[in-house]
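Taking the working numbering, the leading residue of the sequence shown gets 26, the next gets one more, and so forth.
For glycine and all other residues, C-beta sits at the position ideal for the given N, C-alpha and C.
Only a predicted model underlies this, so the values are computations on that prediction, with no experimental measurement involved.
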Amino acid sequence: MDNASYHSVQVEKKPTISSLKSEMQNWLLRHNVEFSGTMTKAQLLLLIKNTQKEPVYRIDELLKASGHTVLRLPPYHPDLNLIELVWADIKNNIAQNYINSSLDEKIILLDKLFSEFTAEKWQRCDDHVQKNENDYWSRDSRFDNVIDSFIINLQDSDSSSGGEVEDEDDDEIEDEVETESMSE
26 MDNASYHSVQ
36 VEKKPTISSL
46 KSEMQNWLLR
56 HNVEFSGTMT
66 KAQLLLLIKN
76 TQKEPVYRID
86 ELLKASGHTV
96 LRLPPYHPDL
106 NLIELVWADI
116 KNNIAQNYIN
126 SSLDEKIILL
136 DKLFSEFTAE
146 KWQRCDDHVQ
156 KNENDYWSRD
166 SRFDNVIDSF
176 IINLQDSDSS
186 SGGEVEDEDD
196 DEIEDEVETE
206 SMSE
């Protein structure tokens, strides 16, 4: 499942600053989060934001009720969406060969293209998606390894200068940050 807006309608959204205070309180009650009746909307909103709840999507619930497992694709990765590849192939075919056709002709053509979309074409698209997924996993692994090699373990350092130099460096950095934030 991709993350199109119509696939991402939540069963219950978290309240926002524009929600009524009573809506915020009811949400907190439903999620067993303690709060005081004297809290302001801003304080309630902070509690809501700090409550980690995975969003539940309506379409996912419908599919699960029918015995299906839902797999959500990462956002902004149409190259991992098999249906997007198939649809792109069909749209390209129409665009290249039937630009000046009437709407009725295009509908007939679309039916024809869908019926002629062979299992072999489908398999090629599936293979392409799997290759892309494997490439992402490989790059992610390499990236993690490179990042891990840059991590410096401060407890392993054997500094003979003691902590004062580090404290002075910290003070200099804090001064720079304060100076930069004042100039903005």
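- About 31 Å separates the beta carbon of Leu107 from that of Val171, a gap too long to meet the 8 Å contact definition.
- Here the alpha carbon of Trp112 sits roughly 16 Å from the alpha carbon of Asp152.
- In the three-state DSSP reduction, Gln77 falls in the coil class, being neither helix nor strand.
- With 16 or more neighbouring CB atoms inside 10 Å of its own CB, Pro40 falls in the buried class.
- Between Ile119 and Asn159, the alpha-carbon positions lie close to 31 Å from each other.
- Within the DSSP bridge table, the entry for Gln121 names no partner.
- For Arg97, no alpha helix (DSSP H) run applies, since DSSP gives it neither H nor E.
- By the Cβ rule, the segment 66-76 does not count as touching the segment 94-104, because fewer than three pairs are nearer than 8 Å.
- Separation of Leu87 and Pro80 (C-alpha to C-alpha, rounded to the nearest whole angstrom) is 15 Å.
- Rounded to whole angstroms, the separation of the alpha carbons of Lys131 and Tyr123 is 7 Å.
- In this chain, Gln35 is not harboured by any alpha helix (DSSP H), its DSSP state being neither H nor E.
- Of the other Cβ atoms in all chains shown, 16 or more fall within 10 Å of the Cβ of Gln50; this residue is therefore buried.
- Under a 10 Å Cβ-count criterion, Leu128 is classified as exposed, with fewer than 16 other Cβ atoms of the shown protein chains found around its own Cβ.
- Residue pairing by DSSP puts Tyr82 in a beta bridge opposite Gln35.
- In the three-state DSSP reduction, Met49 falls in the helix class (H, G or I).
- Distance from the CA atom of Ala90 to the CA atom of Asp173, rounded to whole angstroms, is 42 Å.
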